[in-house]
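Trainee:
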Amino acid sequence: MTTSPSPARPATPARVVSVSLGERSYDIRIGRGVLAEAGSAVAALKPAACAIVSDETVAPLHAAALEASLAAAGLTTALVTVPAGESSKSYARFAEVCDGILAARIERGDLVIALGGGVVGDLAGFAAAVVRRGVRFVQVPTTLLAQVDSSVGGKTGINSPHGKNLVGAFHQPSLVLADTALLDTLPAREFRAGYAEVVKYGLINDAGFFDWCEANGARVFAPGDERDHAVAVSCAAKAAIVSRDERETGERALLNLGHTFAHALERACRYDGSRLVHGEAVAIGLALAFRFSQRLGLCPGQDAVRVARHLQAVGLPSRLQDVPGGVGTADSLIDAMGQDKKVERGALTFILARGIGESFVAKGIEAGAVRDFLTEELQPS
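Written as structure tokens, this is what we have:
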């Protein structure tokens, strides 16, 4: 179920954030009404045709407007849809999307357009990376999480029974169109989940932005300047890191703050979105990362408390006990972490913190220390 659209608000001038990657640089255009610019913006990339990949929830809401804008610019389109939800990031749906793109006769000079949240963006981007050995693609993210995180940076992929996002490719988009008006139809739970990724940027290296989130977080949930500002700051933060470390050989790993815990929790829930969606897992992961840092003597206790309190204030979970149906044992979570992409030679890597805005990569964390911490966290409060 979606929320009722807010009363119509005027379009806002687009805020433009650039991702600097030499010849593969691209812009992120952010603002209310950006979708109406899709035709002219995409036509500037000079495709003849576009395959739009969306899901069965988003397509009825926004595909017609996108298709109309593209048609007005003289572009032909085909629509490929998949079921909504994390289960679509599978080998079977990936094959369907690839075949749908090929059936639309998309050539190497054409474009794939991902219209949807993070699942659609990851799936469509991976298909674009391999169909005809690589075609260009455009991200049109329709969730807060996708606008501030997954649509930027070129990580694409699908899940495996062994873990999340273990099969994929780096494939940068040619353009990102983040229309914040599309968030008006987002269910409240999905919006809150995306907000966890907004908070993450303050916790990584921008304590001032975390302060801003504490003061303005509630206003981000309503249409207005605060929402656009939060999206733009988040995109700029990610763009800066990606420009310096595209393939996560160093600094980009900081963007995974909270995610080692989060991915293990999602696997424990068998990627069941009725129990736990990605942003909720990230929220718990952020709180765990700060409490684990506190346990190791790295982070002041008051900072860990601030993080949890702010997440709770906007309705996000912050403890393992917040997951319906439980998350298993400490040992099962440790086992899930063993398949995390950040494992090196079998040793666990975490993003930890010396305080809010002071995160760092911590390699070679002893599994025993993590097990003891999780065992304590699993105790009834």
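Letter by letter, the sequence shown follows residues 1 to 381 in the UniProt record's numbering.
We put the beta carbon where it would ideally sit given N, CA and C, even for glycine.
1) DSSP three-state label for GLN379, please.
2) DSSP three-state label for PHE350, please.
3) Any idea if PRO60 is buried or exposed, counting beta-carbon neighbours within 10 angstroms, 16 or more meaning buried?
4) Would you mind sorting SER6 into buried or exposed? The rule is 16 or more other CB atoms within 10 Å of its CB.
5) Measure the alpha-carbon distance for GLY163 versus LEU265 and round it to whole angstroms.
6) What's the gap between the Cα of LEU123 and the Cα of ARG291?
7) Anyone know if the C-beta pair for ARG275 and VAL323 falls short of 8 Å?
8) Suppose the cutoff is 7 Å on Cβ atoms and the five residues either side in sequence are ignored; what does the same chain contact list for ARG219 look like?
9) Report the rounded CA-to-CA distance for PHE210 versus GLY355, giving the unit in angstroms.
10) Quick one: measure Cβ to Cβ for ASN45 and GLU246, integer angstroms, because I've assumed they're closer than 8 Å.
11) Is there at least one Cβ from chain D nearer than 8 Å to ALA128's Cβ?
12) For the stretch 65–153, which segments carrying the beta strand (DSSP E) assignment without a break, of at least 3 residues, lie completely within its bounds, in sequence order?
13) So, using beta-carbon positions, are LEU255 and PHE191 closer together than 8 Å?
14) According to DSSP, is TYR271 part of a helix, a strand, or is it coil?
15) Quick check on VAL16: buried or exposed, where buried means 16 or more other Cβ atoms within 10 Å of its Cβ?
16) Should LYS366 go down as buried or exposed, given a rule of 16 or more other Cβ atoms within 10 Å for buried?
17) Could you pull the start and end residues of the alpha helix (DSSP H) that PHE191 belongs to?
18) Quick one, are the C-beta atoms of ALA268 and ALA336 less than 8 Å apart?
19) Taking DSSP as the reference, what is the three-state secondary structure of PRO5?
20) Please check the pair HIS171 and ALA239, which I expect to be a contact at CB under 8 Å, by giving their CB distance rounded to whole angstroms.
21) Could you check whether the stretch 86–96 touches the stretch 64–77, counting it as contact only if at least three pairs of C-beta atoms, one from each stretch, sit closer than 8 Å?
22) Whole-angstrom Cβ separation of VAL242 and GLY118, contact assumed at under 8 Å?
23) If you draw a straight line from the C-alpha of LEU79 to the C-alpha of ARG189, how long is it?
24) Which parts of the stretch 19–56 are runs of the alpha helix (DSSP H), unbroken and 4 residues or longer, counting only runs that do not cross its ends?
25) Buried or exposed for GLN294, please, with buried defined as at least 16 other CB atoms from any protein chain shown within 10 angstroms of its CB.
26) Have a look at the DSSP bridge pairing and note the partners of VAL282.
27) For the alpha helix (DSSP H) holding GLY301, just list the boundary residues, first then last.
28) Cβ atoms of ALA283 and LEU320: under 8 Å apart, would you say?
29) Report, in whole angstroms, the separation of the C-beta atoms of LEU374 and ALA362, which I expect to be a contact under 8 Å.
30) Could you tell me whether the Cβ atoms of GLY328 and ALA289 are closer together than 8 Å?
31) Excluding sequence positions up to five away, which residues of its chain have a Cβ less than 8 Å from the Cβ of PRO380?
32) Quick one: what does DSSP say PHE221 is sitting in, helix, strand or coil?
33) At a cut of 8 Å, does the stretch 191–207 reach the stretch 172–181 through at least three beta carbon pairs?
34) Assuming GLY121 contacts SER150 (C-beta within less than 8 Å), just tell me the rounded distance between them.
35) Considering Cα atoms alone, identify which of ARG252, ARG244, LEU182 is closest to VAL231.
36) Looking at the unbroken alpha helix (DSSP H) that takes in ALA330, where does it start and where does it end?
Mentor: Concretely, from the data shown:
1) It is coil, neither helix nor strand.
2) PHE350 sits in a strand when the DSSP states are folded into three classes.
3) Flag for PRO60 reads exposed.
4) At SER6, the pLDDT of 44 sits below 50, so the modelled position is not reliable; the number obtained from the coordinates is stated separately. Looking at its Cβ environment, which holds fewer than 16 other Cβ atoms inside 10 Å, SER6 is exposed.
5) Their backbone Cα atoms lie some 11 Å apart in a straight line.
6) Straight-line measurement puts the Cα of ARG291 at about 33 Å from the Cα of LEU123.
7) The answer is yes: Cβ separation under 8 Å.
8) Contacts found: GLU226.
9) Taking the straight line from one Cα to the other gives about 12 Å.
10) Sequence check: residue 45 is Leu here, not Asn. Actually they are not in contact, since the Cβ atoms of LEU45 and GLU246 sit about 20 Å apart, beyond 8 Å.
11) In the structure shown, chain D cannot be found, because there is only a single protein chain.
12) For the stretch 65–153, whole beta strand (DSSP E) runs of length 3 or above, ordered along the chain, are 76–82, 111–116, 136–141.
13) Going by C-beta atoms, LEU255 is not nearer than 8 Å to PHE191.
14) Assignment of TYR271 by DSSP, reduced to helix, strand and coil, places it in the coil class.
15) When all chains shown are included, VAL16 counts as exposed.
16) Here the sequence assigns Glu to residue 366, which means Lys is not the residue at that position. GLU366 should be labelled exposed.
17) Start and end: 188–205.
18) With contacts defined as CB atoms closer than 8 Å, ALA268 and ALA336 qualify as a contacting pair.
19) Any reading at PRO5 needs caution, since the residue's pLDDT is 43, under 50, leaving its predicted position unreliable; the model's value is listed next. Residue state for PRO5 is assigned as coil, using DSSP reduced to three classes.
20) The pair is not a contact, with the Cβ atoms about 16 Å apart (cut-off 8 Å).
21) These segments do not touch.
22) Contact doesn't hold; Cβ gap of about 16 Å is too wide.
23) Distance between the alpha carbons of LEU79 and ARG189 is about 27 Å.
24) Counting whole runs of 4 or more residues, the stretch 19–56 contains the alpha helix (DSSP H) stretches 38–43.
25) Per the 10 Å Cβ criterion, buried.
26) According to DSSP, VAL282 bridges with nothing at all.
27) Start and end: 301–313.
28) Taking a C-beta distance under 8 Å as the contact criterion, LEU320 and ALA283 do not qualify as a contact pair.
29) Contact doesn't hold; Cβ gap of about 16 Å is too wide.
30) No, Cβ-Cβ distance for GLY328 and ALA289 is not below 8 Å.
31) The beta carbon of PRO380 is closer than 8 Å to those of GLN321 in its chain, skipping five residues each way along the sequence.
32) Three-state DSSP puts PHE221 in coil, outside helix and strand.
33) By the Cβ test, the stretch 191–207 is not in contact with the stretch 172–181, since fewer than three Cβ pairs between them sit closer than 8 Å.
34) Distance from GLY121 to SER150 at the Cβ level is roughly 5 Å; contact confirmed, criterion being Cβ atoms closer than 8 Å.
35) Shortest Cα-Cα distance from VAL231 to any of ARG252, ARG244, LEU182 involves LEU182.
36) Element bounds for ALA330: 330–337.
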